[in-house]
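Undergrad: Everything in the sequence shown is counted per the working numbering, starting at 27 for the first residue and increasing by one. Beta carbons are placed, not taken as given, at the ideal position from N, Cα and C, and that holds for glycine. I am attaching a structure below and will ask some questions about it afterwards.
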Amino acid sequence: MVLALPCAMVISTSALAASPPGEYGGLEEIVVTAEKRESTVQATPIAMTALSAGDLTGENITSIQDLVGAIPGISLRTAGPGQTEYEMRGLASSGGSVATVGFYIDETPLSASAVALNGRTVIDADLYDLNRTEILRGPQGTLYGAGSMGGTIKLVTNPPKLHALEGSAYVDASQTTGGSTNGRGSLMLNIPIGDIASLRFVTTGKYISGWIHRYVVAPGQFPFPTNFGNCGVYSCSRGDVQDATVAKDISNSNIERFISSRASLLVQPSDALSITGSFMYQRIDADGYNNFQAPPNREAIYQPYDIKEPYYDSFHMWSLKVSYDMSFANLTSASSYWKRDVYQSTDSTEALQNIFNYTAFVPNLYEDNDTTWQLAQELRLTSRVKETSSGWAACTIRTCTRAMSQRIRPLGCKHPGLSLR
27 MVLALPCAMV
37 ISTSALAASP
47 PGEYGGLEEI
57 VVTAEKREST
67 VQATPIAMTA
77 LSAGDLTGEN
87 ITSIQDLVGA
97 IPGISLRTAG
107 PGQTEYEMRG
117 LASSGGSVAT
127 VGFYIDETPL
137 SASAVALNGR
147 TVIDADLYDL
157 NRTEILRGPQ
167 GTLYGAGSMG
177 GTIKLVTNPP
187 KLHALEGSAY
197 VDASQTTGGS
207 TNGRGSLMLN
217 IPIGDIASLR
227 FVTTGKYISG
237 WIHRYVVAPG
247 QFPFPTNFGN
257 CGVYSCSRGD
267 VQDATVAKDI
277 SNSNIERFIS
287 SRASLLVQPS
297 DALSITGSFM
307 YQRIDADGYN
317 NFQAPPNREA
327 IYQPYDIKEP
337 YYDSFHMWSL
347 KVSYDMSFAN
357 LTSASSYWKR
367 DVYQSTDSTE
377 ALQNIFNYTA
387 FVPNLYEDND
397 TTWQLAQELR
407 LTSRVKETSS
417 GWAACTIRTC
427 TRAMSQRIRP
437 LGCKHPGLSL
447 R
């Protein structure tokens, strides 16, 4: 549906490179934390795929959808921005709302509870200035909980760097067939604060052109179903909307605007103690959904009235990680809180007409507001065991996780003269 012709420019004062290959051209070593401890991909005894920052840049992977296309064994279902479900190893949760693939940013789990409207969908996180991505094939319930039966997707951001002033920027543009020009810009700044602290700030803005036409049929010209009068009892076939007189043509009706910012503050008063506080904000504003109607199987939707179907997705996240090295073991506390507000709207004019066999089309707009918040606390004690060949290795001996969530969902169905709450 979309053909993009990318044109990119990168300006960077600090290269985000992965660990270099071995001296004799060996395999690249990527440090991962799949088992809640630092290790390399080669030394981690689980089925996983890790992509470093250099891999993401080299393959032009800028979104989770790009990442899924580059990793075998992952599939997705999406209705547009912020409405994507991920599956791994063919394990789906079609009978419920609990996700089968865990989704993490650093130490924070982002999979919502089963009571949330978007329980199986996660945010469309931006991948700029990531240290690496870790794709763990399931089941991963032992370390990541019941929501990781199929596997886990973990995004690891670059931490603030002490004593280093650096920055990078990225700009690209593309053209959508049937739409218009797309644009994206990202910026990263790492600012040291004295000798024991540093602040890292990352922001991204995107404009994605739509390609779907929204046709508003002339008043009184929208066709009734072919077997009008029986739709409430039997299934009915849609009328020939392509032959109806179009009064208004709204092109690019599914335009998306995206903004994301995150900031991390590292305070390290000693080599043994480090404290990292992070904040992330992301918002998606879409004029419509990335789907079209069948029939007529064109990249368009047909409506009896000019009713927009906007979608908004706002996300806030706060996290605090404290790590203390006690020489014989490492104690880590990871606390996080996030809140997600999602507003969806659907033009239900034609659907209600077919259900109740109205003799005329009455404008109806169905609205759904979903607010979900989740609090998680993990306390992890990692002891050290001496190995003869590779030095010190870590072994997690206790993990405690506590998560809570709340959902607030007011429902609405509105049209002139009727309000249902």
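Return the chain-ordered list of same chain residues with a C-beta closer than 7 Å to the C-beta of PRO249, the five sequence neighbours on each side being excluded.
TA: Within the same chain, PRO249 has close Cβ partners GLY265, ASP266, VAL267, ALA270.
Undergrad: What are the residues that DSSP puts in a beta bridge with LYS232?
TA: Bridge partners of LYS232: ARG210, PHE284.
Undergrad: If we call anything under 8 Å between Cβ atoms a contact, is SER349 one with SER300?
TA: Result yes, Cβ atoms of SER349 and SER300 sit closer than 8 Å.
Undergrad: So, helix, strand or coil for LEU191, using DSSP?
TA: Correct three-state label for LEU191: coil.
Undergrad: Is the separation between the beta-carbon of ASN208 and that of TYR233 shorter than 8 Å?
TA: Cβ distance < 8 Å, so ASN208 and TYR233 count as in contact.
Undergrad: From which residue to which residue does the alpha helix (DSSP H) around ALA79 run?
TA: That run of the alpha helix (DSSP H) goes 79–84.
Undergrad: If you run the structure through DSSP and keep just helix, strand and coil, what is ILE131?
TA: DSSP places ILE131 in strand when its eight states are reduced to three.
Undergrad: Please work out which residues of its chain come closer than 6 Å, Cβ to Cβ, to ASP351, disregarding the five sequence neighbours upstream and downstream, and give them in chain order.
TA: The answer, listed in chain order, is ALA298.
Undergrad: Could you pull out every unbroken alpha helix (DSSP H) segment of at least 4 residues lying fully inside the segment 333–416, listed in chain order?
TA: Within the segment 333–416, the complete alpha helix (DSSP H) runs of at least 4 residues are 375–382.
Undergrad: Measuring alpha carbon to alpha carbon, tell me which residue in GLY106, TYR369, SER137 is nearest MET471.
TA: Limits of the chain in this structure are 27 at one end and 447 at the other, which puts residue 471 out of reach.
Undergrad: Quick one: Cα of ALA199 to Cα of ALA96, how far?
TA: So the alpha carbons of these two residues sit roughly 21 Å apart.
Undergrad: Give the DSSP bridge partners of ASP275, in chain order.
TA: Beta-bridge pairing links ASP275 to TYR241.
Undergrad: By the 10 Å Cβ neighbour count, where 16 or more other Cβ atoms means buried, how is LYS347 classified, buried or exposed?
TA: With 16 or more Cβ atoms within 10 Å of its Cβ, LYS347 is classed as buried.
Undergrad: Could you pull out every residue in the same chain whose Cβ sits closer than 7 Å to the Cβ of PRO322, ignoring the five residues on either side in sequence?
TA: Result list for PRO322: VAL267, GLN268, in chain order.
Undergrad: Determine the DSSP secondary structure at ALA90, reduced to helix, strand or coil.
TA: For the record, residue 90 in the displayed sequence is Ile; it is not Ala. Note: ILE90 maps to helix in three-state DSSP.
Undergrad: If we count the other Cβ atoms within 10 Å of its Cβ and call it buried at 16 or more, is ALA244 buried or exposed?
TA: Exposed, because fewer than 16 other Cβ atoms sit within 10 Å of the Cβ of ALA244.
Undergrad: Can you grab the Cα-Cα spacing for the pair GLU376 / PRO330, in whole Å?
TA: Approximately 8 Å between the Cα atoms of the pair.
Undergrad: Cα separation between ASN157 and LEU77?
TA: In a straight line, the C-alpha of ASN157 is about 9 Å away from that of LEU77.
Undergrad: Starting from LEU181, trace the beta strand (DSSP E) both ways and give me its first and last residue.
TA: Element bounds for LEU181: 177–183.
Undergrad: Does the segment 388–401 come within contact of the segment 362–378, defined as at least 3 CB pairs closer than 8 Å?
TA: As far as the Cβ criterion goes, the segment 388–401 touches the segment 362–378, which means the pair count is three or higher.
Undergrad: Please look up how many angstroms separate the CB atoms of GLY236 and ASP313, rounded, as I've assumed it's under 8 Å.
TA: Correct: roughly 7 Å between the Cβ atoms.
Undergrad: Since PHE341 and ARG366 should fall inside the 8 Å C-beta cutoff, what is the C-beta to C-beta distance between them, to a whole number of angstroms?
TA: Their Cβ separation, rounded to whole angstroms, is 5 Å, which keeps PHE341 and ARG366 in contact under 8 Å.
Undergrad: Taking only the alpha-carbon atoms, compute the straight-line gap between THR134 and THR398 and give it to the nearest angstrom.
TA: Those two C-alpha atoms are separated by around 15 Å.
Undergrad: Reducing DSSP to helix, strand and coil, say where GLN268 ends up.
TA: Residue state, collapsed to three classes: helix.
Undergrad: Cα-Cα, which of GLN319, ASP373, THR408 is closest to ALA355?
TA: When each option's Cα is compared against that of ALA355, the closest is THR408.
Undergrad: Sort GLU192, SER194, GLY231 by Cα distance to GLY211 and report the nearest one.
TA: For the residues GLU192, SER194, GLY231, the minimum Cα distance to GLY211 belongs to GLY231.
Undergrad: Would DSSP call TYR331 helix, strand or coil?
TA: Coil, per DSSP.
Undergrad: Can you tell me whether LEU53 is buried or exposed? The criterion is at least 16 other CB atoms within 10 Å of its CB, across all chains shown.
TA: Note on LEU53: pLDDT 46, under 50, position unreliable in the model; the coordinate value appears next. Exposed is the call here.
Undergrad: Please classify VAL94 as buried or exposed, where buried requires at least 16 neighbouring CB atoms within 10 angstroms.
TA: The residue is buried, with at least 16 neighbouring Cβ atoms inside 10 Å.
Undergrad: Going by Cα to Cα distance, which pick from ILE179, GLY303, ASP373, ALA190 is closest to TYR363?
TA: Closest option to TYR363, Cα to Cα, is GLY303.
Undergrad: Within this structure, are the beta carbons of ARG288 and MET306 separated by less than 8 Å?
TA: Yes, the Cβ-Cβ distance between ARG288 and MET306 is below 8 Å.
Undergrad: For the beta strand (DSSP E) containing TYR111, list its first residue and its last residue.
TA: Reading off the sequence shown, one finds Glu at residue 111, where the question assumed Tyr. From DSSP, the beta strand (DSSP E) with GLU111 extends over 110–114.
Undergrad: Cutting at 6 Å between CB atoms, please list the residues of its own chain near TYR337, excluding the five before and the five after it.
TA: Hits under 6 Å: ALA312, GLN370.
Undergrad: Quick one: what's GLY303 bridged to in DSSP?
TA: Partner(s): LEU291, LEU346.
Undergrad: If you drop the 5 nearest sequence neighbours on each side, which residues of the same chain put their C-beta closer than 6 Å to that of ARG226?
TA: Counting only Cβ-Cβ distances below 6 Å, and skipping sequence neighbours, we find PRO186, ASN216, SER290.
Undergrad: Do you know offhand how far ALA326's Cα is from ASN317's?
TA: Taking the straight line joining both Cα atoms gives about 8 Å.
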